[in-house]
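Residue numbers (my numbering), protein chains in the order written: chain A, 1 to 461; chain B, 1 to 461.
Following: one structure in structure tokens, then a few remarks.
Number of protein chains: 2
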Amino acid sequence: MTAHQLNETHDPQRRSWVEPDAAGDFPIQNLPFGVFRRRDGNEGWRGGVAIGKQIVDLAAAERAGLFEGTAAEAARAAAGPVLNPLLALGPAYWSALRAALSRALTDGVDGAGGGGAGGGSEGGGSTDGGSAAERDRWRRCLVAQEAVELTVPVAIGDYTDFYTSVHHATNIGRQFRPDNPLMPNYKWVPIGYHGRASSVVVSGTAFHRPMGQTLGPGAATPQLGPCKRLDYELELGIYIGPGNELGSPIPIAEADQHLFGFCIFNDWSARDIQAWEYQPLGPFLSKNFASTVSPWIVTIEALAPFRVAFERPEGDPKPLAYLDDEDDRQRGAFDIRIRATLASAAMTRSGQAPHVLSVSSYRHAYWTPAQLVAHHTVNGCNLAPGDLLGTGTLSGPTLDQAGALIELTTGGKNAIELPGGEKRTFLEDGDTLALSAWCERPGAVRIGFGEARATVLPARA
Amino acid sequence: MTAHQLNETHDPQRRSWVEPDAAGDFPIQNLPFGVFRRRDGNEGWRGGVAIGKQIVDLAAAERAGLFEGTAAEAARAAAGPVLNPLLALGPAYWSALRAALSRALTDGVDGAGGGGAGGGSEGGGSTDGGSAAERDRWRRCLVAQEAVELTVPVAIGDYTDFYTSVHHATNIGRQFRPDNPLMPNYKWVPIGYHGRASSVVVSGTAFHRPMGQTLGPGAATPQLGPCKRLDYELELGIYIGPGNELGSPIPIAEADQHLFGFCIFNDWSARDIQAWEYQPLGPFLSKNFASTVSPWIVTIEALAPFRVAFERPEGDPKPLAYLDDEDDRQRGAFDIRIRATLASAAMTRSGQAPHVLSVSSYRHAYWTPAQLVAHHTVNGCNLAPGDLLGTGTLSGPTLDQAGALIELTTGGKNAIELPGGEKRTFLEDGDTLALSAWCERPGAVRIGFGEARATVLPARA
Chain A
1 MTAHQLNETH
11 DPQRRSWVEP
21 DAAGDFPIQN
31 LPFGVFRRRD
41 GNEGWRGGVA
51 IGKQIVDLAA
61 AERAGLFEGT
71 AAEAARAAAG
81 PVLNPLLALG
91 PAYWSALRAA
101 LSRALTDGVD
111 GAGGGGAGGG
121 SEGGGSTDGG
131 SAAERDRWRR
141 CLVAQEAVEL
151 TVPVAIGDYT
161 DFYTSVHHAT
171 NIGRQFRPDN
181 PLMPNYKWVP
191 IGYHGRASSV
201 VVSGTAFHRP
211 MGQTLGPGAA
221 TPQLGPCKRL
231 DYELELGIYI
241 GPGNELGSPI
251 PIAEADQHLF
261 GFCIFNDWSA
271 RDIQAWEYQP
281 LGPFLSKNFA
291 STVSPWIVTI
301 EALAPFRVAF
311 ERPEGDPKPL
321 AYLDDEDDRQ
331 RGAFDIRIRA
341 TLASAAMTRS
351 GQAPHVLSVS
361 SYRHAYWTPA
371 QLVAHHTVNG
381 CNLAPGDLLG
391 TGTLSGPTLD
401 QAGALIELTT
411 GGKNAIELPG
421 GEKRTFLEDG
431 DTLALSAWCE
441 RPGAVRIGFG
451 EARATVLPAR
461 A
Chain B
1 MTAHQLNETH
11 DPQRRSWVEP
21 DAAGDFPIQN
31 LPFGVFRRRD
41 GNEGWRGGVA
51 IGKQIVDLAA
61 AERAGLFEGT
71 AAEAARAAAG
81 PVLNPLLALG
91 PAYWSALRAA
101 LSRALTDGVD
111 GAGGGGAGGG
121 SEGGGSTDGG
131 SAAERDRWRR
141 CLVAQEAVEL
151 TVPVAIGDYT
161 DFYTSVHHAT
171 NIGRQFRPDN
181 PLMPNYKWVP
191 IGYHGRASSV
201 VVSGTAFHRP
211 MGQTLGPGAA
221 TPQLGPCKRL
231 DYELELGIYI
241 GPGNELGSPI
251 PIAEADQHLF
261 GFCIFNDWSA
271 RDIQAWEYQP
281 LGPFLSKNFA
291 STVSPWIVTI
301 EALAPFRVAF
311 ERPEGDPKPL
321 AYLDDEDDRQ
331 RGAFDIRIRA
341 TLASAAMTRS
351 GQAPHVLSVS
361 SYRHAYWTPA
371 QLVAHHTVNG
381 CNLAPGDLLG
391 TGTLSGPTLD
401 QAGALIELTT
411 GGKNAIELPG
421 GEKRTFLEDG
431 DTLALSAWCE
441 RPGAVRIGFG
451 EARATVLPAR
461 A
């Protein structure tokens, strides 16, 4: 079993008996993981799986005896306030739990039809959701999404941000070095750097515009003040499953087994603070005031139908052997569509639809997740369950696919006009920025990631 | 009560009834914290305090009823496998525990003499160690240091490395930009960047020479291979106590209350990997294969006698207001002596004394710990108990005070000769690098930090 093989859980004919969500993000082919609690009550945070408008309360279903074998073990590992124990278990457990949930939540599946995807073969599984009595048992474990709050679903040990879009790197580089925008290492090294884990917050968490030191144009001395060039970065986040021991690299052919799933990720950036602070050791306070994740983790297994070949441009160097794998070339990239929208405070007040800033796809990235894992560990660095890898800003090949305002406005020179007539170079107080992501292709059921949304509050005096 | 005030625990007349250690690192004026377990047994890791050749088992002493009030609460918080709960409590608790231990372990103190340093006034304290019966109760809670192993004493949430030695920054910068070695931001911004927490290991942990991508001199394409320019960095680490909420900066005048203590820190660096990977986002795989901490944390309170004024060189700019504080100017710097030694495999085999590479002091740093905390949080970034701040390589004003081989050998151009005739530009397999630190001045008792030591193993094929 490998993570990119299709199985019964991907069957486009499957429909759930649970009412679908309006956005169509959470059909039975998706089954993403999150951590939730009801808003009205003194409940603990616990793991759940989104299905339509509902969430399967994994702790409740496990207590009710609805899982068996490895699926039950996986559900127990997801019953606490963080999903790290589930992430540590690895693909066989994740797959057994997914297969069990899929069977139980499918309309018209009888128990005899199950057993694929590691569930039956591993001794896992679920009770049959097909009969009315069993379905009632499952229904008692559902919690309406509209009644809950969601949180960052994982205790993030270390967070690493990469720079995998050659288009983003080129667009940014061009602003500083018009004749030579791309660094000589770019097509050889999956460029990455360490980020701040503590300031990762869940979608919906408003944050204050950061204060910081900046050197104004033509100024002789810097000053402290509110950031004047606040930007978003349209990224995806990858949660690591089982980790590796310090000193033991993960070969690229095994990297897939260490990937749990994806979230949407907004790496908010203070461009003016960054410009003054980043030499010689990289971005710091320009990034660590807030980073927004979507609450649901779409698993690698759910993404199997949307894996695509990585097409390295003609004439580009062949990757070094530790970054090169035939299977990864054929199936290592993911066609995940991504979109950014902006609504000003005035637009929000008047109920106006948000303005679409850009739409792109993760398939344009220059490095695959497996290459990121192989590179990150080639020196012996140890990854742990729940570590977060950011893809970097996922700008596509054309300007309307750019994933940050610094690109869309060419460094603040060309303002964007919003529908109501307002203009933007960088973000203003009251702006709400929402990132969304989804997968779709002919012959597969569309799955969605939900969103990563936040509103910019004024700087604190 | 502030962290830099002297109290009875600093009294140079105090002597412990516990036998002193040979190095003289752990007199009763020190009382550093660590996490230990006996080597021969199935014991759990737990917190302890070094005194002479012994460790006070805090869990055992607490269970035996030897602490009262806030001191007992602090001891309970230090009884588990990581010290984070103790760090979260804050200075009043740390101080009560220290006062209680100092009274109990002092030779010839009677109970009436205690009560200072928050112990008595906060309702804390300890039973009198002066009587033979009480002393026996304490003695039963001592564990010989030679019988234990020590570990990283804290679950490090996030690790940030700073760059606080202007001499190091100048020495490194000169190798790249002889006419203009220091970046324009250096004297305004306490330069820092995020590091990797998972690869922080305790003194004594050998590690393999990292593999990595490098571009050889004159080469057209990079290759993967063992690092050829492996270096050490002589640093100190600062453990954060109570943290701050996201969005709520810590003012410089309050920063001291958030500092728990210091360890020795070796930020091993692969210079050839760094040179090829670090543009444009900073060091990554060149740093995260291993970072070595000393096992004992010397508390801020223990360091009170060694705080000194920060002397900013004449003509340098005055710090911006958020980094400027009268008390910090007068007492914000620490005169912590630091030393690096190297022993080759041949020297180790023949029992030869290690070669001293350099000796310096942390007092030469350009930014104080309080300035680092104020800067780190000015944008709202949240620190948490157990976060680790590295000071950066602590090179002093002269070349023999340099804290890394890249400086001592001028980028590998001038080899160092070892006592047996071997030469070194960078580290070779089998080399053992040991960092030590201590404080001494007339009128105070010398206190030591122990050491951060590790041996370089060959790269894994």
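Heads up, the beta-carbon is just placed ideally off N, CA and C, and yes, glycines get one too.
Partner residues on chain B for residue i, Cβ-Cβ distance less than 9 Å
{"i": "Arg460 (chain A)", "result": "Gly247, Ser248, Pro249 and Gly380"}
{"i": "Leu427 (chain A)", "result": "Result: empty, since nearest Cβ-Cβ is about 15 Å, beyond 9 Å."}
{"i": "Met347 (chain A)", "result": "None at all; the shortest Cβ gap to chain B is about 25 Å."}
Chain B within 9 Å of residue i, Cβ atoms only
{"i": "Glu122 (chain A)", "result": "Low confidence applies here, because Glu122 (chain A) scores a pLDDT of 39, under 50, leaving its location unreliable; read the following figure in that light. No, Glu122 (chain A) lies away from the interface with chain B (no Cβ there is under 9 Å from its Cβ)."}
{"i": "Asp328 (chain A)", "result": "no"}
{"i": "Trp45 (chain A)", "result": "no"}
{"i": "Val201 (chain A)", "result": "yes"}
{"i": "Tyr322 (chain A)", "result": "yes"}
{"i": "Phe289 (chain A)", "result": "yes"}
{"i": "Gly157 (chain A)", "result": "yes"}
{"i": "Thr151 (chain A)", "result": "no"}
{"i": "Gly115 (chain A)", "result": "With a pLDDT of 36 at Gly115 (chain A), under the threshold of 50, the modelled position of this residue cannot be trusted; read the value that follows with caution. So, not an interface residue."}
{"i": "Asp316 (chain A)", "result": "no"}
{"i": "Ala384 (chain A)", "result": "yes"}
{"i": "Tyr163 (chain A)", "result": "yes"}
{"i": "His376 (chain A)", "result": "yes"}
{"i": "Thr292 (chain A)", "result": "no"}
Distance CB(residue i)-CB(residue j) smaller than 9 Å
{"i": "Leu259 (chain B)", "j": "Val373 (chain B)", "result": "yes"}
{"i": "Ala255 (chain B)", "j": "Pro369 (chain B)", "result": "yes"}
{"i": "Ile264 (chain A)", "j": "Leu236 (chain A)", "result": "yes"}
{"i": "Ala75 (chain A)", "j": "Ala59 (chain A)", "result": "yes"}
{"i": "Arg15 (chain B)", "j": "Asp158 (chain B)", "result": "no"}
{"i": "Thr299 (chain A)", "j": "Gly261 (chain A)", "result": "yes"}
{"i": "Arg424 (chain A)", "j": "Ser344 (chain A)", "result": "yes"}
{"i": "Ile297 (chain A)", "j": "Pro32 (chain A)", "result": "yes"}
{"i": "Asn185 (chain A)", "j": "Glu277 (chain B)", "result": "yes"}
{"i": "Gln213 (chain A)", "j": "Leu320 (chain B)", "result": "yes"}
{"i": "Thr9 (chain A)", "j": "Glu440 (chain A)", "result": "no"}
heavy atom of the ligand ADP below 8 Å from residue i C-beta
{"i": "Asp57 (chain A)", "result": "As far as ligands go, the structure on display features none, and thus does not contain the ligand ADP."}
Neighbour list for residue i in chain B, Cβ cutoff strictly below 8 Å
{"i": "Tyr232 (chain A)", "result": "Correct list: empty, because the minimum Cβ distance to chain B is about 16 Å."}
{"i": "Glu134 (chain A)", "result": "Chain B residues near Glu134 (chain A): none, gap ~43 Å exceeds 8 Å."}
Within-9 Å CB hit, residue i to chain C
{"i": "Pro178 (chain B)", "result": "You won't find chain C in this structure, because its protein chains are A and B."}
Partners in chain A for residue i, counting only beta-carbon separations shorter than 7 Å
{"i": "Pro210 (chain B)", "result": "Asn379 and Gly380"}
{"i": "Pro280 (chain B)", "result": "Met183"}
{"i": "Ser16 (chain B)", "result": "Those within 7 Å of Ser16 (chain B) in chain A number zero; the least Cβ separation is about 37 Å."}
{"i": "Gln213 (chain B)", "result": "Trp188, Val189 and Leu320"}
Residue-level contact to chain A via CB, residue i, 9 Å cutoff
{"i": "Phe265 (chain B)", "result": "no"}
{"i": "Asp272 (chain B)", "result": "no"}
{"i": "Ala197 (chain B)", "result": "yes"}
{"i": "Pro222 (chain B)", "result": "yes"}
{"i": "His258 (chain B)", "result": "no"}
{"i": "Asp107 (chain B)", "result": "no"}
Residue i burial status per 10 Å Cβ neighbour count (16 or more: buried)
{"i": "Asp325 (chain B)", "result": "buried"}
{"i": "Ala290 (chain A)", "result": "buried"}
{"i": "Ala486 (chain B)", "result": "Outside the shown range of chain B (1 to 461) lies residue 486 (chain B), about which nothing can therefore be said."}
{"i": "Ala454 (chain B)", "result": "buried"}
{"i": "Leu6 (chain A)", "result": "exposed"}
{"i": "Pro222 (chain B)", "result": "buried"}
{"i": "Val200 (chain A)", "result": "buried"}
{"i": "Ser269 (chain B)", "result": "buried"}
{"i": "Asp57 (chain B)", "result": "buried"}
{"i": "Ser294 (chain B)", "result": "buried"}
Partner residues on chain A for residue i, Cβ-Cβ distance less than 9 Å
{"i": "Glu277 (chain B)", "result": "Asn185, Val189, Ile191 and Gly192"}
Partner residues on chain B for residue i, Cβ-Cβ distance less than 7 Å
{"i": "Asn171 (chain A)", "result": "Correct list: empty, because the minimum Cβ distance to chain B is about 13 Å."}
{"i": "Leu342 (chain A)", "result": "Correct list: empty, because the minimum Cβ distance to chain B is about 22 Å."}
Report the start-end ranges of each alpha helix (DSSP H) in the region 74–103 of chain B that is 4 residues or longer and not cut off at the edges.
If one requires a minimum length of 4 residues, the alpha helix (DSSP H) runs lying completely within the region 74–103 of chain B are 84–89, in chain order.
Beta strand (DSSP E) segments (min. 3 residues) lying fully within the region 171–244 of chain B:
As far as the region 171–244 of chain B is concerned, its whole beta strand (DSSP E) runs of at least 3 residues are 192–195, 200–202, 211–214, 223–226 and 234–240.
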